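Student:
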Amino acid sequence: MPEHLPAAVDDWRARGRMMIHAGQEIFVSETGEGPPVLLLHGFPGSSFDWRAVAAGLTGHRRVVTFDFLGFGLSDKPADSSYSLFEQADLAVAVATACGIERCALVAHDMGDTVAAELLVRQAAGELPFVVEQVVLTNGSIFIDQAHLTDGQLFLLSLPDEPLTDGLPAGLLAGGLAETFPSGKAPNGELTAMVALIRHEGGDRLMPRLIRYVEERRTHQERWTAGLTGFPGPLTAIWGGLDPIAVVDMVHRLLELRPQTEVEVWPDVGHWPLIESPDRLAEAILKHL
């Protein structure tokens, strides 16, 4: 039985469109006018997480965001590897389909690493558009410093294959709640996030989608170089209460790349794009 989607998600879907990439349907949202900003979401979220930030940017920028394969409203094939390299290919395909020639990247969580991969490709002359500027928000850019939750560790302990049965909504909601300050997400957010995870059986893919953590470990040096070697403006806006991507990661980035602009918000956790979207949109515009 299809998972019911909350009205806010249906509204978000109605304002976007589907594009085809490698035979799969990918949800894309494109709003506003002006210099382009490409928003990259994290695990286990979706572009829906960016909706309020996108609204705050739209009056000043052209905002493009999308759901990675296996996430949100995009297709969720059981036989995909869901490699971060393939997700970066998808980011390139979306940017190309939207006619982006130059843009700013704004990323969260897993999206930070996809952004780093795009910067590696740009440095090698392999990116068909120019990333002029980058804003990172909470994500485990140094995986050795990450404090993985019990839920993440549980998923990593499972075989790297789709589950026969889906994960209970209560289990997913409980795991997500742990990543918000005091275990409390803004009203309605957990319901929407869980519904999007479970949409089209995405919850059965969670043991495979979480493998990006292992991929990060394998390619940490490559993606650190992508960030530290980027010659343009790079900003880190970080919730200081994040229990996973702890604030020490920002301090390490600053040591490796002293010219990085850093804002640490002591009253915000892992999800600044959900916890304080208006504030984040204002900060992004300030730095761009």
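Under full-length UniProt numbering, the first residue of the sequence shown carries the number 1, and numbering increases by one thereafter. Every residue gets a Cβ at the ideal spot worked out from N, C-alpha and C, and that includes glycine. As the structure is a computational prediction, the values presented were derived from the model and not from experiment.
1) What ranges does the alpha helix (DSSP H) occupy inside the stretch 199-259, keeping only unbroken runs of at least 4 residues that lie completely in it?
2) If contacts are defined as beta-carbon pairs under 8 angstroms, then T58 and G32 qualify, I think. What distance do you get, rounded to the angstrom?
3) From D11 to W238, what does the alpha carbon distance come to, in whole angstroms?
4) Roughly how many whole angstroms lie between the Cα atoms of A78 and F27?
5) Distance, Cα to Cα, G73 vs I20?
6) In the DSSP assignment, find the unbroken beta strand (DSSP E) run with W271 in it and report its ends.
7) With DSSP collapsed to three states, give me the class of F27.
8) My parser needs the beta strand (DSSP E) runs of 3 or more residues fully inside the stretch 77-117; what are they?
9) Out of M193, I284, P277, which one is the CA nearest neighbour of D67?
10) For H21, which of helix, strand or coil comes out of DSSP?
11) Return the chain-ordered list of same chain residues with a C-beta closer than 6 angstroms to the C-beta of A93, the five sequence neighbours on each side being excluded.
12) Looking at the strands, I want to know which residues DSSP matches up with V130.
13) By alpha-carbon positions, which one of L158, E261, K286, A91 ends up nearest to P233?
14) Less than 8 angstroms between the CB atoms is what I'm expecting for Q24 and D75, so what's the real figure, rounded?
15) Mind pulling the alpha helix (DSSP H) runs of 4 or more residues that sit fully within the stretch 145-174?
16) In chain order, what residues of the same chain have a beta carbon less than 7 angstroms from the beta carbon of R222, not counting five sequence neighbours either side?
17) Can you tell me whether DSSP reads R62 as helix, strand or coil?
18) Could you check the C-alpha separation between G34 and N187 for me, to the nearest Å?
19) In the DSSP assignment, what residue or residues form a beta bridge with V262?
20) Using the Cβ count rule (16 or more neighbours within 10 Å means buried), how would you classify G113?
21) In chain order, what residues of the same chain lie with their CB nearer than 7 angstroms to the CB of L209, ignoring the 5 residues before and after it?
22) So what's P181 in DSSP terms, helix, strand or just coil?
23) Answer with yes or no whether the minimum CB distance from E275 to chain B is below 7 angstroms.
24) Three-state secondary structure (DSSP) at L280?
25) So the alpha helix (DSSP H) residue 291 belongs to, where does it begin and stop?
26) According to DSSP, is L38 helix, strand or coil?
Tutor: To lay it out plainly:
1) 206-209, 212-218, 220-228, 248-256
2) 4 angstroms
3) 29 angstroms
4) 18 angstroms
5) Looking at the sequence itself, residue 73 is Leu, so the reference to Gly does not match. One C-alpha to the other measures close to 13 angstroms.
6) No beta strand (DSSP E) holds W271; DSSP gives it neither H nor E.
7) strand
8) 102-107
9) M193
10) strand
11) H21
12) R102
13) E261
14) 4 angstroms
15) 150-157
16) V120
17) strand
18) 32 angstroms
19) A236
20) Sequence check: residue 113 is Thr here, not Gly. The residue in question, T113, is buried, as its Cβ has 16 or more Cβ neighbours within 10 Å.
21) F43, P44, G70, Y82
22) helix
23) Protein chains in the displayed structure number just one, and chain B is not present.
24) helix
25) In this structure the chain extends from 1 to 288, so residue 291 is not present and cannot be described.
26) strand
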